[in-house]
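**Student:** I'd like to ask you about the structure that follows.
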Amino acid sequence: MTPAWNAILALISTSVLVRIIPSFLNIKFSKKVELLIHEIIPFSVFINFIIYLLFYELSKDFYPALISMAIGFLCIYIFRLGLVVSTILTSLLYYYLIAFCQ
Amino acid sequence: MLTRTVPALLAIIPISMLFGVLSAKADWSILEVFLISFLGFTGSGQFAVLPLAESGLGIMSLFIITASINSRYFPMAILSANRLHKNFFIRLISSHTLGDEAFVIENKRDSSADILIIRLIIFITWVLSSIAGALLVDHVPAHWISSNLNLGFPASIILLYLSFMQLSQVSKHFYLLELSVIIISVGISVVSIITFGVIYFWIPSVIFTSFFIYYWKKI
Numbered sequence: 001m002t003p004a005w006n007a008i009l010a011l012i013s014t015s016v017l018v019r020i021i022p023s024f025l026n027i028k029f030s031k032k033v034e035l036l037i038h039e040i041i042p043f044s045v046f047i048n049f050i051i052y053l054l055f056y057e058l059s060k061d062f063y064p065a066l067i068s069m070a071i072g073f074l075c076i077y078i079f080r081l082g083l084v085v086s087t088i089l090t091s092l093l094y095y096y097l098i099a100f101c102q
Numbered sequence: 001m002l003t004r005t006v007p008a009l010l011a012i013i014p015i016s017m018l019f020g021v022l023s024a025k026a027d028w029s030i031l032e033v034f035l036i037s038f039l040g041f042t043g044s045g046q047f048a049v050l051p052l053a054e055s056g057l058g059i060m061s062l063f064i065i066t067a068s069i070n071s072r073y074f075p076m077a078i079l080s081a082n083r084l085h086k087n088f089f090i091r092l093i094s095s096h097t098l099g100d101e102a103f104v105i106e107n108k109r110d111s112s113a114d115i116l117i118i119r120l121i122i123f124i125t126w127v128l129s130s131i132a133g134a135l136l137v138d139h140v141p142a143h144w145i146s147s148n149l150n151l152g153f154p155a156s157i158i159l160l161y162l163s164f165m166q167l168s169q170v171s172k173h174f175y176l177l178e179l180s181v182i183i184i185s186v187g188i189s190v191v192s193i194i195t196f197g198v199i200y201f202w203i204p205s206v207i208f209t210s211f212f213i214y215y216w217k218k219i
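Residue numbers (our numbering), protein chains in the order written: chain A, 1 to 102; chain B, 1 to 219.
Spelled out as structure tokens, the structure:
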């Protein structure tokens with residue numbers, strides 16, 4: 001089997017395990033577990049997802065990512081420039097800072 | 001719905017094209033690029049397996065690595081399961097096409113049809129962009145690829161924004177907005193990443209954070 005086919009089989013197996021099987025699980029939960037699933041776990045997942053993204057970007061290029069994300073936060077929440085414009089400005093700043101640092 | 005989806009599409013197109021270019025550089029055929037994006041459909045997982053598969057790593061090792069990287073989909077899939085269509089094949093398609101972008105774009109008011117459309121738009125864009133990248137490989141300047149430019153940054157910005165939006169929706173009703181709970185939850189997540197690493201922290205961190213909030217609420 002070629003490397004490409006090994007990779008394809010590994011990824012389809014992973015998709016079955018982490019996306020397809022959990023989507024077909026049909027379990028009746030108690031009220032306590034319902035609370036966990038509908039209110040608490042979503043909160044945990046998003047908190048962890050945000051931290052994951054921050055860690056991922058900061059570990060690549062710390063200062064350019066930190067400065068760009070801070071400016072992006074200002075663009076979105078303070079200046080209300082909208083998601084697309086803020087993302088374009090933030091990304092341009094990020095790539096400029098990386099080029100500048102090199 | 002399209003308004004919510006378009007920014008994510010603009011962010012994933014260059015990433016997926018880059019994957020197509022890199023896989024074509026590794027002598028993968030167009031069919032193989034299509035199949036890995038279609039059957040695998042996972043940004044980080046695809047980028048991770050490309051060099052590992054080329055280095056001769058076996059299928060079991062590849063599976064363990066990709067399952068670890070993509071373990072974040074497990075809680076996401078469970079959370080969105082009851083919003084998916086009841087029909088077997090539609091549910092199958094909806095579940096396979098779950099991705100980070102779709103998960104942060106969808107909300108509780110979306111119908112199963114809305115969810116399917118959001119996921120399919122992102123999925124099809126991803127697959128077509130990777131094929132386009134593979135087809136354009138000869139036209140991409142070599143220094144663009146060798147410079148290790150982080151093309152994923154715009155996507156991270158959009159995912160961060162959408163995650164904050166979702167977080168505020170999830171927590172707007174009640175106690176969860178309390179600053180102390182958020183700070184301790186962030187602390188648990190950071191400690192988990194430092195302890196288990198960025199690939200393996202997902203499941204333990206989600207469990208620890210959830211139990212902390214659950215017991216905090218009981219108190």
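C-beta: ideal position from N, C-alpha, C; glycine also.
1. Closest by CA to A/PRO42, which one among B/SER80, B/SER23 and B/ILE15?
2. Excluding the five sequence neighbours on either side, which residues of its own chain have a C-beta within less than 6 Å of the C-beta of B/ALA24, listed in chain order?
3. Using a Cβ-Cβ cut-off of less than 7 Å, give me the residues of the region 173–207 of chain B that come near chain A, in sequence order.
4. Counting along the chain, where does the alpha helix (DSSP H) carrying B/TRP28 start and finish?
5. What number of angstroms, rounded off, separates the C-alpha of B/SER112 from the C-alpha of B/HIS85?
6. So, is B/HIS139 buried or exposed, given that buried needs 16 or more other C-beta atoms within 10 angstroms?
7. Tell me the residue span of the alpha helix (DSSP H) that contains B/GLN46.
8. If you measure from the beta carbon of B/SER95 to each beta carbon in chain A, is any gap under 7 Å?
9. Alpha helix (DSSP H) containing A/ALA99: first to last residue?
10. Looking at C-alpha atoms only, which residue of B/PHE211, B/ALA102, B/ALA11 and B/ASN82 is the closest neighbour of B/GLN166?
11. Between B/ALA132 and the rest of its own chain, which residues show a CB-CB distance below 7 Å, the 5 nearest in sequence each way excluded?
12. Would you grab the beta carbon distance between A/LEU36 and B/LEU159 for me? Rounded to a whole angstrom, and I think it's under 8 Å.
13. Give, in chain order, every residue of the region 12–28 of chain A whose Cβ lies closer than 9 Å to some Cβ of chain B.
14. Counting only beta-carbon separations shorter than 7 Å, does B/SER210 have a partner in chain A?
15. Under the three-state reduction of DSSP, which class applies to A/ASN6: helix, strand or coil?
16. Mind checking whether B/THR5 and B/ILE157 have CB atoms under 7 Å apart?
17. Using a Cβ-Cβ cut-off of 7 Å, state whether B/ALA81 counts as contacting chain A.
18. Quick one: any contact between the region 179–198 of chain B and the region 58–67 of chain B, if contact means 3 or more CB pairs under 8 Å?
19. Nearest to B/ILE65 by CA position, among B/LEU50, B/ILE93 and B/ASN82, is which residue?
20. From B/ILE15 to B/SER205, what does the alpha carbon distance come to, in whole angstroms?
21. Since A/GLU57 meets chain B, which of its residues come closer than 9 Å, beta carbon to beta carbon?
22. Looking at chain B, is there any beta carbon in it that lies within less than 7 Å of the beta carbon of A/VAL45?
23. Just to confirm my understanding: we take B/TYR215, look at its own chain, exclude 5 residues before and 5 after, and list those with CB closer than 8 Å. What are they?
24. By Cβ distance, which residues of its chain are closer than 7 Å to B/PRO75, with the 5 residues on each side in sequence left out?
25. Would A/THR14 and B/ALA67 be called neighbours here (beta carbons separated by less than 7 Å)?
26. According to DSSP, is B/ARG72 part of a helix, a strand, or is it coil?
27. Verify the CB distance criterion: does A/ILE84 have a CB-CB separation below 7 Å to chain B?
28. List the residues of chain B that A/SER91 touches, going by C-beta distances under 8 Å, in chain order.
29. Note down the Cα distance separating A/LEU25 from B/ILE122, rounded to an integer number of angstroms.
30. For the region 31–42 of chain B, enumerate the residues whose C-beta is nearer than 8 Å to any C-beta of chain A, in chain order.
31. Pick from B/PRO7, B/SER37 and B/LEU22: whose alpha carbon is nearest that of A/ALA10?
32. Would you mind stating whether B/ILE194 and B/SER71 have Cβ atoms separated by less than 7 Å?
**Tutor:** The answer reads as follows:
1. In the first sequence, residue 42 of chain A corresponds to position 42, counting from 1. The shortest Cα separation from A/PRO42 among B/SER80, B/SER23 and B/ILE15 belongs to B/SER80.
2. Start at 1 with the first residue of the second sequence, and residue 24 of chain B comes out as number 24. These residues qualify, in order along the chain: ALA134 and VAL137.
3. LEU176, SER185, VAL186, SER189, VAL190, ILE193, VAL198, TRP202, SER205 and VAL206
4. Working through the second sequence from its first residue, we reach residue 28 of chain B at position 28. No alpha helix (DSSP H) contains B/TRP28, which DSSP labels as neither H nor E.
5. In the second sequence, counting from the first residue as 1, residue 112 of chain B sits at position 112. In the second sequence, counting from the first residue as 1, residue 85 of chain B sits at position 85. One C-alpha to the other measures close to 5 Å.
6. On the second sequence, position 139 is the one that residue 139 of chain B refers to. Exposed.
7. Translated into positions along the second sequence, residue 46 of chain B becomes position 46. Going by DSSP, B/GLN46 is part of the alpha helix (DSSP H) stretching over 43–54.
8. For the purposes of this step, residue 95 of chain B is taken as the residue at position 95 of the second sequence. Chain A contact via Cβ: present.
9. As a working note, residue 99 of chain A is residue 99 in the first sequence. First-last of the alpha helix (DSSP H) with A/ALA99: 83–101.
10. Start at 1 with the first residue of the second sequence, and residue 166 of chain B comes out as number 166. Nearest option by C-alpha distance: B/ALA102.
11. Position 132 of the second sequence holds residue 132 of chain B. These residues qualify, in order along the chain: MET17 and GLY20.
12. Here residue 36 of chain A refers to the residue found at position 36 of the first sequence. Here residue 159 of chain B refers to the residue found at position 159 of the second sequence. In fact, because the Cβ distance is near 24 Å, the residues do not count as touching under 8 Å.
13. ILE12, SER13, THR14, SER15, VAL16, LEU17, VAL18, ARG19, ILE20, ILE21, PRO22, SER23, PHE24, LEU25 and ASN26
14. As a first step, residue 210 of chain B must be located in the second sequence, where it is residue number 210. Chain A contact via Cβ: present.
15. Your numbering for residue 6 of chain A matches position 6 in the first sequence. It is helical.
16. For the purposes of this step, residue 5 of chain B is taken as the residue at position 5 of the second sequence. For the purposes of this step, residue 157 of chain B is taken as the residue at position 157 of the second sequence. No, they are not a contact pair.
17. Taking the second sequence and counting its residues from 1, the one referred to as residue 81 of chain B is at position 81. Answer yes: the Cβ-Cβ gap between B/ALA81 and chain A drops below 7 Å somewhere.
18. In the pairwise beta carbon analysis, the region 179–198 of chain B is classified as not touching the region 58–67 of chain B: fewer than three pairs are separated by under 8 Å.
19. Taking the second sequence and counting its residues from 1, the one referred to as residue 65 of chain B is at position 65. Of the candidates B/LEU50, B/ILE93 and B/ASN82, B/LEU50 places its Cα closest to the Cα of B/ILE65.
20. Mapped onto the second sequence, residue 15 of chain B falls at position 15. Mapped onto the second sequence, residue 205 of chain B falls at position 205. Computed Cα separation, rounded: 27 Å.
21. Taking the first residue of the first sequence as position 1, residue 57 of chain A is located at position 57. By Cβ distance, chain B contributes ASN150, GLY152, PHE153, SER156, ILE157 and LEU160.
22. Here residue 45 of chain A is taken as the residue at index 45 of the first sequence, counted from 1. Closer than 7 Å: yes.
23. Walking along the second sequence from the start, residue 215 of chain B turns up at place 215. Excluding sequence neighbours, B/TYR215 sits near nothing in its chain.
24. Taking the first residue of the second sequence as position 1, residue 75 of chain B is located at position 75. Within the same chain, B/PRO75 has close Cβ partners VAL206.
25. Counted from its first residue, the first sequence places residue 14 of chain A at position 14. Counted from its first residue, the second sequence places residue 67 of chain B at position 67. Contact flag set, yes.
26. Taking the second sequence and counting its residues from 1, the one referred to as residue 72 of chain B is at position 72. Of the three classes helix, strand and coil, the one that applies to B/ARG72 here is helix, per DSSP.
27. What you label residue 84 of chain A is simply residue 84 of the first sequence in a count that begins at 1. Checking the sequence, you will find Val at residue 84 of chain A rather than Ile. True, the Cβ-Cβ gap to chain B drops below 7 Å.
28. Counting from one through the first sequence, the residue named residue 91 of chain A turns up at place 91. The contacting residues are PHE153, PRO154 and ILE157.
29. For the purposes of this step, residue 25 of chain A is identified with residue 25 of the first sequence, where counting begins at 1. For the purposes of this step, residue 122 of chain B is identified with residue 122 of the second sequence, where counting begins at 1. Taking the straight line joining both Cα atoms gives about 24 Å.
30. GLU32, LEU35, ILE36, LEU39, GLY40, PHE41 and THR42
31. In the first sequence, residue 10 of chain A corresponds to position 10, counting from 1. If we check each option's Cα against that of A/ALA10, B/SER37 comes out closest.
32. Along the second sequence, one-based indexing puts residue 194 of chain B at 194. Along the second sequence, one-based indexing puts residue 71 of chain B at 71. Against a cut-off of 7 Å, the Cβ pair of B/SER71 and B/ILE194 comes out as no contact.
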